[in-house]
Amino acid sequence: MNFAYTLVYVADVAASLDFYERAFGLQRRFLHESGAYGELETGATALAFVDHATARDSVGGDYVAADASPRPLGMEIGFTTGDVAAAYERALAAGATGLAAPTVKPWGQTVAYVRCPDGSLVELCTPMG
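So the sequence shown is numbered by this note's numbering: it starts at 276 and just counts up by one.
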């Protein structure tokens, strides 16, 4: 078994791709001509976005849309960086909502949390070990 991808269900795939490019410096790999699906360059495991209509059709029903929930969903996307404070400020400048400013945890890792305009929760942290 290999972890292949994470799909984030969003209202506007192009807007989410644009946000992640500006906020986290990621590059767009692909946006389908329909606008319903897109991917970012994230290495061996893809981070992709699917519009709600396509996702609901695939799942066969409804779900809690992250942007409709007043609180973040119980999952996160994690990005490692050597400069969490700069990454946090860049994300805020791009339109993210700050949830937890950079903090050094007891185990020595610096961690911060933001919520993206599409509702997804992102952890920004220094690499472990």
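We treat Cβ as the ideally placed atom computed from N, Cα and C, and that holds for glycine.
Residue i vs residue j beta-carbon contact at 8 Å
| i | j | result |
| --- | --- | --- |
| Val-379 | Val-325 | no |
| Ala-298 | Ala-360 | no |
| Tyr-247 | Tyr-284 | Outside the shown range of the chain (276 to 404) lies residue 247, about which nothing can therefore be said. |
Length of the line joining the Cα atoms of residue i and residue j
| i | j | result |
| --- | --- | --- |
| Leu-374 | Arg-390 | 7 Å |
| Leu-306 | Leu-348 | 25 Å |
| Pro-377 | Leu-396 | 15 Å |
| Ala-328 | Ala-340 | 11 Å |
| Gly-310 | Thr-372 | 25 Å |
| Tyr-295 | Ala-343 | 19 Å |
| Pro-345 | Met-276 | 34 Å |
| Ala-330 | Trp-382 | 38 Å |
| Gly-318 | Ile-352 | 14 Å |
| Leu-301 | Ala-286 | 20 Å |
| Glu-364 | Val-334 | 35 Å |
| Arg-303 | Ala-368 | 19 Å |
| Tyr-388 | Glu-308 | 32 Å |
| Gly-404 | Leu-282 | 28 Å |
Whole-angstrom C-beta distance between residue j and residue i, which should lie under 8 Å
| i | j | result |
| --- | --- | --- |
| Thr-401 | Thr-355 | 7 Å |
| Ala-362 | Leu-399 | 5 Å |
| Tyr-312 | Ala-321 | With a Cβ gap of about 11 Å, Tyr-312 and Ala-321 do not count as contacting. |
| Arg-393 | Ser-291 | For the record, residue 393 in the displayed sequence is Asp; it is not Arg. Confirmed, about 5 Å. |
Helix, strand or coil at residue i [DSSP, three-state]
| i | result |
| --- | --- |
| Ala-343 | helix |
| Leu-348 | coil |
| Leu-315 | strand |
| Leu-367 | helix |
| Tyr-388 | strand |
| Phe-278 | coil |
| Thr-355 | strand |
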